[in-house]
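There are 2 protein chains.
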Amino acid sequence: MAHATIRDVARAANVSIATVSRALNGHGNVRANLREHVQSVAAALGYVPHTGARSLSLARTNAIGVMLPDLHGEFYSEALRGIDAEASARGLQLLLSNMHGDQRGTETLRFMRGRVDALIIMAPDIDPERLLAHLPASLPTVLISCPDVSADHPQFRIDNVAAADAMVEHLVASGRRRIVHLSGPRGNRDAEERIAGYSAAMTRHGLSPRVLTGDFEEESGTAAAQALLGDTERADALFAANDMMAIGALVVFQRAGLSVPEDIAVAGFDDIPLARFVTPALTTMRVGIAEIGAEAVSRAAAILAGESDTEIRWVAPQIKARASTIGGAA
Amino acid sequence: MAHATIRDVARAANVSIATVSRALNGHGNVRANLREHVQSVAAALGYVPHTGARSLSLARTNAIGVMLPDLHGEFYSEALRGIDAEASARGLQLLLSNMHGDQRGTETLRFMRGRVDALIIMAPDIDPERLLAHLPASLPTVLISCPDVSADHPQFRIDNVAAADAMVEHLVASGRRRIVHLSGPRGNRDAEERIAGYSAAMTRHGLSPRVLTGDFEEESGTAAAQALLGDTERADALFAANDMMAIGALVVFQRAGLSVPEDIAVAGFDDIPLARFVTPALTTMRVGIAEIGAEAVSRAAAILAGESDTEIRWVAPQIKARASTIGGAA
DNA sequence: CTGTTAGCGCCTTCAG
DNA sequence: CTGAAGGCGCTAACAG
């Protein structure tokens, strides 16, 4: 048999459903012993309120939707950690989903309608305009590292250009000249901006940029490293647009008998937890994605509380110089 | 202004809401051009169905709830990967939540009522009986590595006893005698069972078991390793109940000048992605948690489709012997 | 304090 | 093929 509803409780307790609702939601205006009676009847019946129905009538779900390119993986897992911590602290539930590509993304987003009070979207490679077209404009939406949008949404933007530039500076300062950049996929905002920062810095130093295109996956780091090994005049530094590609390359270089950083320096981007465990520890740019995630939840909550927020907040990554570029020290 | 509802569409299209519903949900019995008219009006109004209301009237949410001890971290992130892949393939949405302790856990579970069609719970340290008390018995619930329950739920159980036993065999075979076990927290099912398997194997070989109690976090591995370093007759192998603790210990041993595995072998449990990246690569037991997650979704879906399933399915971890216990080879 | 009455947004019989 | 009406489970005025 189906589950007990508020009506069943009301009948069993000989009161109206309104009284049950008030008693169970602690609305004060119920006689103390009646309240207890209702509570015990509810417990006896194993009554559990139907939160779906509840949020329909309250027009409030107490949940926020989160849309990430991936749910797993070191980087997004970190983002999730921050989001989860903050949401939990605020008593908000999370409706999580990954993109699974553009098509599936809009479908998922439609699903969120009526189930969440606000949205956090991280989509470096999908035009959020298209995504949001399927959603009520009234739904507060925080964007993280998304392509430009015309609508006034609160946003987080990572200063990829400056960060990539800084990494090149670091490599040049440690004597590298033939610095190759392994980029993320074309069309991805973060990837494009890192290429731009890299190229600008190289040019400024009179060095010629050389970009290999990857896809942010470990395997493309592996492939890039193998390609580099075949060169006659080998690069003396590889700067990958994320850590997983850098690590993939690191392994290949070492397996081929090169020593890192003596023969070739390797640097990544993101500072995923794994970065400090590989040998040698990976030099990278710390983005602090967990903090961004947490703050995104706070901003969403603030909007729900009535505040308005259309600010673009810039995040400046910090360099983490480790052994993979500065042999000797760690 | 609020978002358009089905009523707004009906009014604008000069039809009844029933017709709008039928037209938009592809119910065949609508004149072709009327259907198109409705669709275009809906599009013009930017109408997006309110899935919350929809599932209330359908008594079907198309979502499944997932409850994990943590959402981040290497192990649960892997579990999520499997769950997500399968759910996505079946067009199911995911409502994810972590436990945040017992109290918060039941609260979250109540939240799930009315929002999901089924539940997947992984809770090695919480009595699910207590958890499920707050939920309708009619909600299909798949349990992964939970303490025993009386109710007939489909379950996955990891054969931790046999796996821990096998790991001890491996270490003994490679000449180790003073094998210390660093366990997970007391009261955690997986932890207890691994202790049992370890102890049984040690005793069988006439070796004396020695168990240090950890908590599955990297720091407790660090601490345990430091404690071991102070011993007069040092252990020659450390078998940690999960990979993160093993890795924490690995780092400490090496930093103290010991070489692994020559001076001391180190083994973990889980085979998280990180395990193969540390130096030396970590010997561990592969649980295949992603596969379990995917299968859990399938079982939940099958139950929703009407099948009955109260089977306890056993999962046998596989040993992954790597350089941290068998120096030389990898 | 408590019961009655409308909905929240949608779907689905039941008539026409 | 289409419209009217009832209901999913719950909450919030509005009366008593």
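Protein chains in written order, with full-length UniProt numbering: chain A, 1 to 330; chain B, 1 to 330.
Heads up, the beta-carbon is just placed ideally off N, CA and C, and yes, glycines get one too.
Shown here for Asn188 of chain B: same chain residues with a beta carbon closer than 8 angstroms to its own, the five before and five after excluded, namely Pro124, Asp125 and Phe216 in chain order. Minimum Cα-Cα distance from Val172 of chain B among the listed residues B:Val266, B:Thr108, B:Leu212 and B:Asp231 corresponds to B:Val266.
Bridge partners of Leu119 of chain B according to DSSP: B:Gly65 and B:Thr141. Val211 of chain A sits in a strand when the DSSP states are folded into three classes. Looking at the DSSP output, Thr19 of chain B shares a beta bridge with no other residue. Not a single C-beta of chain B is nearer than 7 angstroms to the C-beta of Leu92 of chain A.
Taking the Cα of Phe156 of chain A as reference, the smallest distance to any Cα among A:Asp127, A:Ser138, A:Ala18 and A:Ile120 is reached at A:Ile120. Neighbours of Ala249 of chain B in chain A, taken as residues whose beta carbon is under 7 angstroms from its own, are absent, since the nearest beta carbon is some 13 angstroms off.
With respect to the 7 angstroms criterion, Ala118 of chain B and Ala237 of chain B are not classified as neighbours on the basis of their beta carbons. Residues of the segment 99-131 of chain B that bring their beta carbon within less than 8 angstroms of a beta carbon in chain A comprise His100, Arg104, Thr108, Arg110, Phe111, Met112, Arg113, Gly114 and Arg115, in sequence order. With contacts defined as CB atoms closer than 7 angstroms, Asn160 of chain A and Arg210 of chain A fail to qualify as a contacting pair. Below the 7 angstroms Cβ cutoff, chain B contributes Ile247, Leu274, Phe277 and Val278 as neighbours of Phe277 of chain A, in chain order. Pairing Leu139 of chain B with His153 of chain B gives a Cβ-Cβ distance that is not under 7 angstroms. In this structure, Met122 of chain A keeps its C-beta atom at 7 angstroms or more from the C-beta atom of Ser150 of chain A. The segment 77-96 of chain A and the segment 68-82 of chain B touch, with no fewer than 3 CB-CB distances between them shorter than 8 angstroms.
For Met99 of chain A, no alpha helix (DSSP H) segment is defined, and its DSSP state is neither H nor E.
For the segment 129-158 of chain A, the set of residues with a beta-carbon nearer than 9 angstroms to any beta-carbon of chain B comprises Ala133, His134, Leu135, Pro136, Ala137, Ser138 and Leu139, in chain order.
At a cut-off of 7 angstroms between C-beta atoms, Arg81 of chain B counts as an interface residue with respect to chain A. In this structure, DSSP gives Ala267 of chain A an extended state, which the three-state scheme calls strand. Close partners of Glu78 of chain B in chain A (Cβ separation under 8 angstroms): His72. Nearest CB-CB separation between Asp270 of chain B and chain A: not below the 7 angstroms threshold. Residue contact with chain B for Asp84 of chain A: present (Cβ-Cβ distance below 7 angstroms to some residue of chain B). Closest option to His134 of chain B, judged by alpha-carbon separation, among B:Val116, B:Arg110 and B:Asp148: B:Arg110.
Chain A places a beta carbon closer than 7 angstroms to that of Val48 of chain B, counting this residue as a contact. Excluding sequence positions up to five before and after Pro128 of chain B, its CB lies within less than 7 angstroms of the CB of Ile121, Leu143, Cys146, Pro147 and Val149, all in the same chain and listed in chain order. Your pair Ala163 of chain B and Gly197 of chain B checks out as a contact, with CB atoms roughly 6 angstroms apart and the cut at 8 angstroms. For Thr232 of chain A, no alpha helix (DSSP H) encloses it, and the DSSP letter there is neither H nor E. Using a Cβ-Cβ cut-off of 8 angstroms, Ala53 of chain B is close to Leu56 and Gly114 of chain A, given in chain order.
Residues of chain A with a Cβ closer than 8 angstroms to the Cβ of Ser88 of chain B are, in chain order, Asn98, His100 and Arg104. As DSSP reads the structure, Phe239 of chain A sits in a beta bridge with A:His181 and A:Ala267. Within a 10 Å sphere around the beta-carbon of Leu58 of chain A sit fewer than 16 other beta-carbons, which makes this residue exposed. Counting along the chain, Thr284 of chain A sits inside the beta strand (DSSP E) bounded by residues Thr284 to Arg286. At least 7 angstroms separates the CB of His181 of chain A from every CB of chain B. For Phe156 of chain B, the enclosing beta strand (DSSP E) has its first and last residue at Gln155 to Ile158. CA-to-CA, the gap between Phe253 of chain B and Arg204 of chain B works out to about 28 angstroms. Shown here for Ser97 of chain B: same chain residues with a beta carbon closer than 6 angstroms to its own, the five before and five after excluded, namely Met67 and Thr108 in chain order.
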